[in-house]
Every structure is written in C-alpha cells, then in structure tokens.
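Participant: This is the structure I want to talk about, given as structure tokens.
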Amino acid sequence: MDNSTQGMTDLLVRYLDGELTEAEKQKLEARLDVDVELQEELASLRAAREAVQQYGLREQVAGIHRQVMQEMHKPQRVGGNIRRVIRFSISVAASIILIVGAILALNFFSLSPSRVFTDNYLSYELATTRGGQADVSAVEQAYRSKSYYEVTRRVPLAGNLKDQFLVGMSYLELKNPANAIEAFRRIVSTNEEDGGGILQDETEYYLALAYIANRDYDFALELLEKIKQEPAHTYHERVSAKLIRQVKALKWR
Amino acid sequence: MELSKTLSDSALVESIRSGQNIEPAIRSMYRDYFGTLSWYVLNNNGTQQDAEDIFQEIVVRFIELVQKNKFRGESTVKTFLFSLARHTWLNELKRRGRAWAREEKFENAQDHSAPDTSYLIADREARLEIIKLVGELGENCRTILLLYYYENKSMKEILQLMHYENEQVVRNKKYKCLKQLEEMIRERPFLKQTLINLLHG
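In structure tokens form, the structure reads like this:
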C-alpha cells in the first residue's frame, strides 16, 4: 500500500468510489481503525461528495422549476394557420356577435348572486355511518335530520372542525351567508395554524359560495381561482370557467 | 412540455426513492402542490418570488428525506409538504426580522395533527452556503464531479461528454477536483459538520 500523502488520498477516493479490491479494502479499513487523521480525511472526502450531490439535486430541481414556471406563465401563442382561420372566422362571427351579444346582455342583467349561488349549491350529504347513532355527535344527528337551526344552536366555538363545518353548511341552508362565512373561516384558520387539511377542500368551495351569496366577490374569486388551478382539489371539476365569469360579471355590475 | 400527471403518494415516493423517475415526480409535485403551498406563502406576507423559492426548497428537502428513508408516510405527502413549507417560511420571516403576530401565535400553538418538521429545515442557511461553495469550483471541475457523483456516469461516459484525451486523464482530473473541494470544506468546519449531519440524516 502506498503510504505517501497523495497515495493515501488516492486510496481513500477509490475506497469512497467502491473501486478497491476486497483485500485492499480490508487493509485500508484496518488502518482507518487506528489512524484518526485518515478518518478525518475520509470524513472530509465524504462531505465533499455529499456537497456535490446536494448541488446536483438543487440544480436539477431549479432547472425543472424554471421550465414549470415558464410553462405556467407562458402566454397562449397562436400559430400562423390558426391565425388565418381566425381571421376568416372573424368575418363570419361578426354577424353572430350581435345575436350572442344580445343573449349575453340578457344574461348579464338577469344575473344575481342568489341565482349563481343556487345554480352551484348542492346540499352537503354526510356519509352513512356503520356504528349507528352512538358514533355520531349531536350536531351531526341534528344535521342529518335537517334541523339546521338546531345545529347552529348546539355548537360552541370550540367544537371540532367537522361540527364547525356542519354549522357553516347549516347557515347556508338557512340562507345566512354572513354567519356561514364566519364558521368556514374558523376552519381555514385552524387548518392554517395546525398545518392540517381537515375538510379544507369542502370548506374552500362552500366558503366561496357563501362569499358570492354575501356579495363579497373578490374573496369568492380568489378562492374559486385557487380551486380552478388545483386539479387535485376535490371541487376542481365543479368550478367552471363559466362560474368564474359569472362572479366577475357580478363584481362589475 | 406538460406538467406530469398526478401520482399517488406511494407512486411519488417510489419514483423518488428509486431515483429512476425523479423528473416526472418533481413535475407531479409542482402540478399537485405548488398552487396550495404558494397560496400559503402569498397569504402570509410573501411575494410570488418567495413562494417559488420556498417551494423549490421544500421539493429539494423532500427528495433528500425520501431518498434517505426519513419520510415514512405517517402523514400524506400534502400534509408533510405543507408542514415543511410552513416551517421554512416562518424561519425565513424570522431571519428577515419581521414581527408578525401570526408567527407568535403559531409558535405558541400546540400542533397535534401536523408532523413537526421544524428540525428538518434548521440548517437551511448552511446548505445554501454549501451550494455556493460548490459553485465556486471551476466549471470543468464542477461538471466532472456532478457527472460522476450525481449522475453516476462512468469514466468512459464522462470521457465522451467532456472530450478529454483518455480515461486516465478524466480520473486524474476528478481526483484533483474532489481533493480541491475537500480542502475547501475542511477550511470551513461548520459546513463540514452540516454535511456530515446530512450524511447521517
């Protein structure tokens, strides 16, 4: 075995790279057991290798990050052929625009927050429990029996998140969006603070509807756009471009 | 280019752990979690750039943890990432010296449901220093070390990619570059210790 400094370092590097024969490896490990300086040098070389791997991973993620951000922010480009088709279509569409415009105007002026709310609202159904009534809270029982006023009376502020959610839903059923907003916001805050996600998707969707009913269109839009951007969101499919357009229209009116 | 299709938690973790399909896994994380987690930063005094930086940071950290078997699936990936993002962002706010009421509230709160990941991001600044240090190597050195130690290329493959005279020249060059980096690290005991800690998880 080469005992010169460079020779030893070379051996350590080959050891690190898994290039030593079994005999060389055993001999080096025996020496490492008793040579503190050699142990230190090996530790530093391992650290150097780890630093390279850290750098490599970060660079790879940074590269993908740049691509993904570009993709997300890329303006929609229209190709030459499509442009020609569009030009042709414009002349055809011009005559249609007047008719569509009239229909849109009718829709626009007949649009109301309660209509948008009703079109998108579905009562929240609790899953059937196997354990019978003993397993469900009094709030849940009241909700199941559609005693919405009873639900809102039963829950103290410190109730669990599921009960809080049912309170929010009950207020929506009772056409009291302001109180529903308050209940749902408590869930969002608690999840935010705890890092949890209990009924988060459900809460975000119904909170958005409550905002619409309460004419808080900016808040509603913020949530709807968030849901729309998240394909994994439970309510992603329910938030259509049409719904977002309708809320924007309500805001402009 | 399209963002990857959504992967289940187990498929995502397996892709990262095997190291074979890491790029689709990263894209899947962007597709599924970037919206929610950047929303959290944006709603807590952060800018779009902050949100992007924090997300990038936690993707790196998550991959390392999975590859070192430190993520055992006790919580969902979403919950785990959210916890990482929250701790990373709160630490960043602290670093910037902002007094933020919510931060106080968070620090005092008992967190029963989310995994405590605060210890996982404690060495963030040291890790950024490490990246800076590797960046200080010459470009050829950096490339040869990355090809060998990160991309697991053989000397023969590196020879083809970098046009050296022969494999022995590549081997010598790699040796000198690693030694140079080792000396740079040895001069910085704090960074060396951080790297040793990372090695041992």
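Sequence order for the protein chains is A and B. Numbers given in the working numbering equal positions in the first sequence, counted from 1, plus 725. Numbers given in the working numbering equal positions in the second sequence, counted from 1, plus 13. Ideal Cβ placement from N, Cα and C applies to all residues, glycine included. Quantities reported herein were computed from a predicted structural model and do not represent experimental measurements.
#1: Can you tell me whether DSSP reads A957/A as helix, strand or coil?
#2: Whose C-beta lies closer than 6 Å to the C-beta of L158/B among residues of the same chain, with five residues either side of it excluded?
#3: What is the residue span of the alpha helix (DSSP H) that V761/A lies within?
#4: In chain A, which residues lie with their C-beta within 7 Å of the C-beta of D45/B?
#5: Any residues in the region 761–779 of chain A with a beta carbon nearer than 7 Å to a beta carbon of chain B? Which ones, in chain order?
#6: Would L782/A pass as an interface residue toward chain E - the criterion being a Cβ-Cβ separation below 7 Å?
#7: Please decide whether E27/B counts as near chain A, where near means a Cβ-Cβ distance under 7 Å.
#8: Considering only their Cβ atoms, is the gap separating L25/B from A38/B smaller than 7 Å?
#9: Return the chain-ordered list of same chain residues with a C-beta closer than 8 Å to the C-beta of R771/A, the five sequence neighbours on each side being excluded.
#10: Pick helix, strand or coil for R137/B, following the three-state DSSP scheme.
#11: So what's S872/A in DSSP terms, helix, strand or just coil?
#12: Would you mind telling me which residues of chain A sit closer than 8 Å to T156/B, beta carbon to beta carbon, in chain order?
#13: Taking the alpha helix (DSSP H) that A905/A belongs to, which residues open and close that run?
#14: What is the rounded straight-line gap between the Cα of T959/A and the Cα of S96/B?
#15: Taking the runs of the beta strand (DSSP E) that are 3 residues or longer, which of them lie wholly in the region 812–863 of chain A?
#16: Within a Cβ cutoff of 8 Å, which residues of the same chain sit near V972/A, ignoring the five residues on either side of it in sequence?
#17: Nearest chain B C-beta to Q954/A closer than 7 Å, yes or no?
#18: Have a look at D735/A and N179/B and give me their C-alpha separation to the nearest angstrom.
#19: Give me the residue from N153/B, E164/B, L20/B with the minimum Cα distance to Q779/A.
#20: Of the choices I76/B, Q61/B, Q62/B, whose alpha-carbon is the least far from that of R30/B?
#21: Do V147/B and M168/B have their CB atoms nearer than 7 Å?
#22: If distances are taken between C-alpha atoms only, which option among L934/A, L886/A, E917/A comes closest to E898/A?
#23: Under 8 Å by Cβ, that's how I've got R99/B and Y53/B pegged, so tell me the actual separation to the nearest angstrom.
#24: Which term fits E192/B, buried or exposed, when burial requires 16 or more other beta carbons within 10 angstroms of its beta carbon?
#25: Is G110/B buried or exposed, if buried means 16 or more other CB atoms sit within 10 Å of its CB?
#26: List the whole-angstrom C-beta distance separating I144/B from W102/B, where the pair is believed to meet the contact cut-off of C-beta under 8 Å.
#27: Taking the alpha-carbon of L211/B as reference, which of M42/B, R74/B, L20/B, F47/B has the nearest alpha-carbon?
#28: For D63/B, I'd like the list of residues in its chain whose CB is within less than 6 Å of its CB, leaving aside the five on either flank, ordered along the chain.
#29: Express the C-alpha separation of I824/A and E65/B in angstroms, rounding to a whole number.
#30: Which word fits L226/B, buried or exposed, when buried means at least 16 other C-beta atoms lie within 10 angstroms of its C-beta?
#31: Ordered along the chain, which non-local residues of its own chain (more than five positions away) have a Cβ less than 7 Å from that of A974/A?
Facilitator: Looking at the coordinates:
#1: For the purposes of this step, residue 957/A is taken as residue 232 along the first sequence, with counting starting at 1. Correct three-state label for A957/A: coil.
#2: Within the second sequence, residue 158/B is the residue found at index 145, counting from 1. Counting only Cβ-Cβ distances below 6 Å, and skipping sequence neighbours, we find C190.
#3: Within the first sequence, the letter at position 36 stands for residue 761/A. That run of the alpha helix (DSSP H) goes 761–798.
#4: Residue mapping note: residue 45/B aligns to position 32 of the second sequence, counting from 1. Those within 7 Å of D45/B in chain A are A957.
#5: A768, S769, L770, R771, A772, A773, R774, E775, A776, V777, Q778, Q779
#6: Within the model displayed, chain E is absent; protein chains A and B are what it includes.
#7: As a working note, residue 27/B is residue 14 in the second sequence. No, because no Cβ of chain A sits closer than 7 Å to the Cβ of E27/B.
#8: For the purposes of this step, residue 38/B is identified with residue 25 of the second sequence, where counting begins at 1. For the purposes of this step, residue 25/B is identified with residue 12 of the second sequence, where counting begins at 1. A contact, by the Cβ cut-off of 7 Å.
#9: The count along the first sequence starts at 1 and reaches residue 771/A at position 46. Closer than 8 Å at Cβ, skipping near neighbours: L741.
#10: Position 124 of the second sequence, counted from the start, is the residue given in the question as residue 137/B. Correct three-state label for R137/B: helix.
#11: The sequence position of residue 872/A within the first sequence is 147, counting from 1. Coil, per DSSP.
#12: Position 143 of the second sequence, counted from the start, is the residue given in the question as residue 156/B. Under the 8 Å cutoff, chain A gives no residues; its nearest Cβ is about 11 Å from T156/B.
#13: Position 180 of the first sequence, counting from 1, holds the residue named residue 905/A. From DSSP, the alpha helix (DSSP H) with A905/A extends over 902–919.
#14: The residue you call residue 959/A lines up with position 234 of the first sequence. The residue you call residue 96/B lines up with position 83 of the second sequence. If you take the alpha carbons of T959/A and S96/B, they lie about 21 Å apart.
#15: none
#16: By 1-based counting over the first sequence, the position of residue 972/A is 247. Correct list, in chain order: V841, I937, Y942, A945, L946, L949.
#17: In the first sequence, the residue the question calls residue 954/A occupies position 229. Cβ-Cβ to chain B under 7 Å: yes for Q954/A.
#18: Start at 1 with the first residue of the first sequence, and residue 735/A comes out as number 10. Start at 1 with the first residue of the second sequence, and residue 179/B comes out as number 166. Between D735/A and N179/B, the C-alpha separation is close to 19 Å.
#19: The residue given as residue 779/A occupies position 54 in the first sequence. The candidate whose alpha carbon is nearest that of Q779/A is E164/B.
#20: Counting from 1 along the second sequence, the entry for residue 30/B is found at position 17. It is I76/B.
#21: Position 134 of the second sequence, counted from the first residue, corresponds to residue 147/B. Position 155 of the second sequence, counted from the first residue, corresponds to residue 168/B. Contact: no.
#22: If you number the first sequence from 1, residue 898/A lands on position 173. When only C-alpha atoms are compared, the closest one is L934/A.
#23: Stepping through the second sequence from its first residue, residue 99/B is reached at position 86. Stepping through the second sequence from its first residue, residue 53/B is reached at position 40. Between Y53/B and R99/B the Cβ distance is about 7 Å, and since that is below 8 Å, they are a contact.
#24: Here the question's residue 192/B lines up with position 179 in the second sequence. Looking at the sequence itself, residue 192/B is Lys, so the reference to Glu does not match. With 16 or more other Cβ atoms within 10 Å, it is buried.
#25: Working through the second sequence from its first residue, we reach residue 110/B at position 97. Classification for G110/B: exposed.
#26: Residue 144/B sits at position 131 when you count from the first residue of the second sequence. Residue 102/B sits at position 89 when you count from the first residue of the second sequence. Not quite, the Cβ-Cβ distance comes to about 19 Å (not below 8 Å), so this is no contact.
#27: Walking along the second sequence from the start, residue 211/B turns up at place 198. Per the Cα distances, R74/B.
#28: If you number the second sequence from 1, residue 63/B lands on position 50. Excluding positions up to five away in sequence, the list reads V54.
#29: Residue 65/B sits at position 52 when you count from the first residue of the second sequence. Residue 824/A sits at position 99 when you count from the first residue of the first sequence. Those two C-alpha atoms are separated by around 45 Å.
#30: Lying outside 14 to 214, the shown extent of chain B, residue 226/B is not represented and no answer is given.
#31: Counting from one through the first sequence, the residue named residue 974/A turns up at place 249. So the list reads F833, L836, once near-sequence residues are dropped.
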